[in-house]
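Notes follow once the structure below has been shown.
2 protein chains.
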Amino acid sequence: MTPPTAPTASAAATPPGGGKPGTSLRDLIEQGAFATAQDWARERQVWEVVDEIDRMRPVDAVAAFRLLDADRAFDVFEDLEPAGQRAILEVMRGAEFSAFVDSLDPDDRARMLGELPAKVARRVLAGLSPQERALTATMLGYPENSAGRFMTPEVVVLREHLSVAAALAHVRERGADAETIYTLPIVDTQRHLTGVVELRDLVLADAASTVADLVGDAPRFVRATESAERAARLMADENILDLPVIDAEGRLVGLLTFDDADEVIEDADSEDASRQGGAKHWDGHYMAVSVLQLARTRAVWLVLLLIVSLLTVTVAHHFEDALEEVAALALFIPLLVGTGGKVGTQASSACVRALAIGEVRPSDLARVAVREAASGLLLGTGLGVLAVVAGLLFTGLDVATAVGLSLLLICLLGALVGGISPLVARKVGIDPALVSAPVVTTVVDVLGLVIYFLVASAVLGL
Amino acid sequence: MTPPTAPTASAAATPPGGGKPGTSLRDLIEQGAFATAQDWARERQVWEVVDEIDRMRPVDAVAAFRLLDADRAFDVFEDLEPAGQRAILEVMRGAEFSAFVDSLDPDDRARMLGELPAKVARRVLAGLSPQERALTATMLGYPENSAGRFMTPEVVVLREHLSVAAALAHVRERGADAETIYTLPIVDTQRHLTGVVELRDLVLADAASTVADLVGDAPRFVRATESAERAARLMADENILDLPVIDAEGRLVGLLTFDDADEVIEDADSEDASRQGGAKHWDGHYMAVSVLQLARTRAVWLVLLLIVSLLTVTVAHHFEDALEEVAALALFIPLLVGTGGKVGTQASSACVRALAIGEVRPSDLARVAVREAASGLLLGTGLGVLAVVAGLLFTGLDVATAVGLSLLLICLLGALVGGISPLVARKVGIDPALVSAPVVTTVVDVLGLVIYFLVASAVLGL
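As given, the protein sequences belong to chains S and G, one line each in that order. In short: position in the first sequence from 1, add 92, done, that's the working numbering. In short: position in the second sequence from 1, add 92, done, that's the working numbering.
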């Protein structure tokens, strides 16, 4: 044990592999330099190896995994992304296979199984011990993305009447098998959750007191079928380390631990980011998905929005006479629809995030509409004046006035559409993040163009 | 203690205040119904009250806070957002004031002080006990957003030679003052960090063993001056409950706890979301900031981008002859620049997120460029064919061909610009999230328009 004073020992300070630019496990594997790759992996920490394998195409991940020393392989496997685990499991055979699957935590196993092809999943289940198989099957019974899928079922529970000393002895006896012993749910004879004690309180308590003395307020909990994201956000908001998970009858079935909650939130935020960008979310690592998959996640929305965008052509077509008469009108189209889209994007990303972290509720619709409209009006007034001044550089006062006036209205429209769409989406049960920048932009493009041509027709008397 | 079987007892299932639609603490305060508001607050859990006060304008927050029973006021205060704490502290006087400030955790206090007006901050520091003042001053010495600002300095440390029994006795003696006892750093006589033991291992260990037997790999840690976000992401990636924080000499100065890490990540992600939307991030709650503040966070980027957008007018102006000759060209401008912006937004949001969670590194620039260019080319080919077909509904084959060909190139451009800009930003030390949807859209608008007019001129022989 040496004091970690050397700068390179700081994990947070040195990016993985950053010390030797140009060589990474991924590069070595792709170049077929397996001996060097093996040395690389031996010299690194487990998390550095995991990080590298996560970035590889599945076929390379399998090759890299085979190079690992047996005693490190399991540690690495456990921390890999599901896509990598899947690829490795699919090529594994016999005893090696069973050993790996059996030693995974039940929650990790259930999540991995949910993503495996049916044939492989059956093989995995068949290889498990009866007890492990029962745990896994129960977890697979909960809906995808529910708290039940992410919880750990291996929990140490206490009874209220126990003395502190007896409770500690019980924890010592059962603790080795549990994923955590920091949160100790208290249950009655029917395993109904009645309270929670923290290990901290148990350790610090007077040995003569009982568990009942240490129980605090009514315990927070989540039902196994409820959304894992919602439970995880609750934990983050209230600094809850592990949240008890109960079934429909109020019986304890597991704990959602802080690390599972972190994973749930990171995945949910990544999904929101993809959707906000106007793409489907893909499973797995950005560097590991193929270009074809990448394009496919984006194609659906682009084609849909291209079809909606044809409305802009229709609108412009409808006003083609005006465009032919005053060609200068066309000059400002990109500026106007572009700015409207930007105001809309600002409002929608603010509201999607505020909804996600619980700052805004669907019932705030009217209030948000007023706030965003007022903000859009303020911005529109400022930008409108700027646009009139700038417009005079290219054209006459009449067109410039039409541009400024249109910009004012388009900003109001953009802020309003961007601000309320996520709330309306949530109200009708759609993920607010689907009201993405591209969607808002497209809607504002079409309506903004209508506004522009109507205002221009009125101002120019066309 | 009753089993929580009634559906309304489920914290995650019932949104705060959701049981009684139409009434919320915020509404009651705004209506001046203080007696009803007091009853409301008495009947609710602390976190529900906090949630409501966070949503209020500062002046209302102070009024609501004054209604709370004395024994709950502190619990509520502790969990409020800094903006609300600030508002309340500014109107508080004398002993009440000192009591509040003294009983805050040092890390919460340091962060709050960092945001207070200098006059109030001095008053706060003056009111502290000498020991608390020293702790707070040390933390204020670390840069904003550094791990030092977020850590808890009150930590129970162990020495390697201790027996497990002695170590547990030490934890019992010192634990009450510490924010956590789950992570127990091990230090030498100079307080250099040499290892970490988890309380779990200590509790489960054989009483005859020593602390040295329980110490695992070289401990992960972060320097106090390093980025809190980076440290928090490391904790999330590696399921670290509490991360030791050391000074420049490798001496332990505190622990970054899981709840502080959650807060750091939530704030960083909210900031990314604002920036991705093309707005500055504001401090505080969406519902609590004024419309003027909201507009101000957005105005800077809008004005900047409006000025850049004038380039689109310049470009169109340059090709005004072509537009006058073939007015049909104008019809497709919103569709073309709009689609380019969308492809760019998809690519940039994917890469900003992948950078934030560490899936992509700045050194991946060339690889990302190739991936995004290939994906843009694929998407552009598909959309280009669609655009030719759709274009024929409105115009002749020559213009439709120009539109399709332009769209192909614009998609390639959009994906490339959107994909590599965040990496370039990180390389030159700018927050990648500032390469937002609006910024990418504006750049692609200008370049896309140039492409369109050049392609159209070539195809139509203008």
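Think of the CB as a built atom: it goes at the ideal place given N, C-alpha and C, for glycine as much as any other residue.
Review point. Which residues, in chain order, does the segment 419-432 of chain G contribute to contact with chain S at a C-beta distance below 7 Å?
Key: Result list: Ala419, Ala422, Leu423, Phe424, Ile425, Pro426, Leu427, Val429, Gly430, Thr431.
Check your understanding: Do we get a CB-CB distance below 8 Å when we pair Gln368 (chain S) with the residues of chain G?
Key -> Interface residue, yes.
Review point. Excluding sequence positions up to five away, which residues of its chain have a Cβ less than 6 Å from the Cβ of Glu252 (chain S)?
Key: Excluding sequence positions up to five before and after Glu252 (chain S), its CB lies within less than 6 Å of the CB of Ile278, Val303, Ala304, all in the same chain and listed in chain order.
Exercise for review: Quick one: residues in its chain with C-beta nearer than 6 Å to the C-beta of Ala419 (chain G), no 5 flanking neighbours on either side, listed in chain order?
Suggested key: Cβ neighbours of Ala419 (chain G) beyond the five flanking positions: none.
Check your understanding: Which residues, in chain order, does the segment 517-534 of chain S contribute to contact with chain G at a C-beta distance below 7 Å?
Key -> Interface annotation for the segment 517-534 of chain S against chain G: Ala529, Pro530, Thr533, Thr534, criterion Cβ-Cβ distance under 7 Å.
Check your understanding: Taking the runs of the beta strand (DSSP E) that are 3 residues or longer, which of them lie wholly in the segment 106-175 of chain S?
Key -> Here no run is fully enclosed.
Check your understanding: Of all the CB atoms in chain S, is at least one closer than 8 Å to the CB of Ser467 (chain G)?
Key -> Using a CB distance cut-off of 8 Å, Ser467 (chain G) counts as an interface residue toward chain S.
**Study point:** Proximity test, Cβ basis, 8 Å: Phe545 (chain S) and chain G
**Key:** Answer no: the Cβ-Cβ gap between Phe545 (chain S) and chain G never drops below 8 Å.
Review point. Three or more beta-carbon pairs under 8 Å between the segment 289-298 of chain G and the segment 317-328 of chain G, yes or no?
Key: Counting Cβ pairs under 8 Å, fewer than three are found: no touch.
Exercise for review: Can you grab the Cα-Cα spacing for the pair Pro458 (chain G) / Asp119 (chain S), in whole Å?
Suggested key: According to the sequence provided, residue 458 (chain G) is Ala. The question's Pro does not apply to it. A direct Cα-Cα distance of roughly 13 Å separates Ala458 (chain G) from Asp119 (chain S).
Review point. DSSP beta-bridge partners for Leu489 (chain G)?
Key: None, per the DSSP bridge assignment.
Review point. Across which residues does DSSP place Leu541 (chain G) in a beta bridge pair?
Key: Note: Leu541 (chain G) is not bridge-paired with any residue in the DSSP secondary-structure output.
Review point. Within 7 Å: the Cβ of Val142 (chain G) and any heavy atom of the ligand PLP?
Key: Of ligands this structure carries none, so the ligand PLP is not represented either.
**Study point:** Interface partners of Gly474 (chain S) on chain G, CB under 7 Å
**Key:** From the beta-carbon of Gly474 (chain S), the residues of chain G found nearer than 7 Å are Ala391.
Practice item. With 8 Å as the threshold, decide whether the Cβ of Lys372 (chain S) is near any Cβ in chain G. Key: So, not an interface residue.
Practice item. Could you name the residues of the same chain whose beta carbon sits closer than 8 Å to that of Tyr234 (chain S), not counting the 5 residues immediately before and after it, in chain order? Key: Cβ within range, chain order: Gly240, Arg241, Ala316, Thr317.
Review point. Residues of chain G with CB under 8 Å from Val295 (chain S), in chain order?
Key: Below the 8 Å Cβ cutoff, chain G contributes Leu260, Val263, Arg264, Gly267, Ile273, Leu291, Val295 as neighbours of Val295 (chain S), in chain order.
Exercise for review: Using a Cβ-Cβ cut-off of 8 Å, state whether Phe350 (chain S) counts as contacting chain G.
Suggested key: Interface residue, yes.
Point to revise | Which listed residue (S:Ile543, S:Thr228, S:Val407) has its alpha carbon closest to that of Leu499 (chain S) | key: Answer by Cα proximity: S:Ile543.
Check your understanding: Within the 8 Å Cβ cut-off, does Leu484 (chain S) reach chain G?
Key -> Leu484 (chain S) has a beta carbon lying at 8 Å or more from every beta carbon in chain G.
Check your understanding: Is it buried or exposed for Glu451 (chain G), if we count other Cβ within 10 angstroms and need 16 for buried?
Key -> Of the other Cβ atoms in all chains shown, 16 or more fall within 10 Å of the Cβ of Glu451 (chain G); this residue is therefore buried.
Check your understanding: CA-CA distance, Leu552 (chain G) and Gly369 (chain S)?
Key -> Rounded to whole angstroms, Leu552 (chain G) to Gly369 (chain S) spans 35 Å at the Cα level.
Point to revise | Segments assigned beta strand (DSSP E), at least 3 residues, entirely inside the segment 315-356 of chain G | key: Listed in chain order, the beta strand (DSSP E) runs fully inside the segment 315-356 of chain G are 335-338, 344-348, counting runs of at least 3 residues.
Check your understanding: Does any residue of chain G bring its CB to less than 8 Å from the CB of Val551 (chain S)?
Key -> Not one chain G Cβ lies under 8 Å of Val551 (chain S).
Point to revise | chain G within 8 Å of His377 (chain S), Cβ atoms only | key: Chain G contact via Cβ: present.
Point to revise | Cα-Cα separation, Gly511 (chain G) to Leu526 (chain G) | key: One C-alpha to the other measures close to 13 Å.
Review point. How many angstroms separate the CA atom of Arg203 (chain G) from the CA atom of Asp361 (chain G)?
Key: Roughly 18 Å between the two C-alpha positions.
Practice item. Spell out whether any CB of chain S is found under 8 Å from the CB atom of Lys434 (chain G). Key: The Cβ of Lys434 (chain G) sits closer than 8 Å to at least one Cβ of chain S.
Point to revise | Three-pair Cβ contact test at 8 Å for the segment 175-192 of chain G versus the segment 148-167 of chain G | key: Judged by Cβ distances under 8 Å, the segment 175-192 of chain G makes contact with the segment 148-167 of chain G, as three or more pairs qualify.
Point to revise | Asp354 (chain S) at chain G interface by Cβ criterion, 8 Å | key: It does: the Cβ of Asp354 (chain S) has a partner Cβ on chain G nearer than 8 Å.
**Study point:** Beta-carbon proximity list for Glu173 (chain G), same chain, < 8 Å, skipping 5 on both sides
**Key:** Closer than 8 Å at Cβ, skipping near neighbours: Asp146, Gly376, His377, Ala380.
Review point. What does His409 (chain G) touch in chain S if you count any residue whose Cβ is under 7 Å from its own?
Key: Per Cβ cutoff of 7 Å: Leu423, Phe486.
**Study point:** Within-8 Å CB hit, Gln123 (chain S) to chain G
**Key:** At a cut-off of 8 Å between beta carbons, Gln123 (chain S) makes no contact with chain G.
Check your understanding: When the distance is taken between beta carbons, is Ala548 (chain S) closer than 8 Å to Leu421 (chain S)?
Key -> Contact flag set, yes.
Practice item. Go through its chain and collect everything with a Cβ distance to Ile357 (chain S)'s Cβ below 8 Å, but skip five positions before and after it. Key: Glu321, Ala324, Arg325, Ala328.
Check your understanding: Nearest to Val462 (chain S) by alpha carbon, out of G:Asp456, G:Leu386, G:Val400, G:Gln123?
Key -> If we check each option's Cα against that of Val462 (chain S), G:Leu386 comes out closest.
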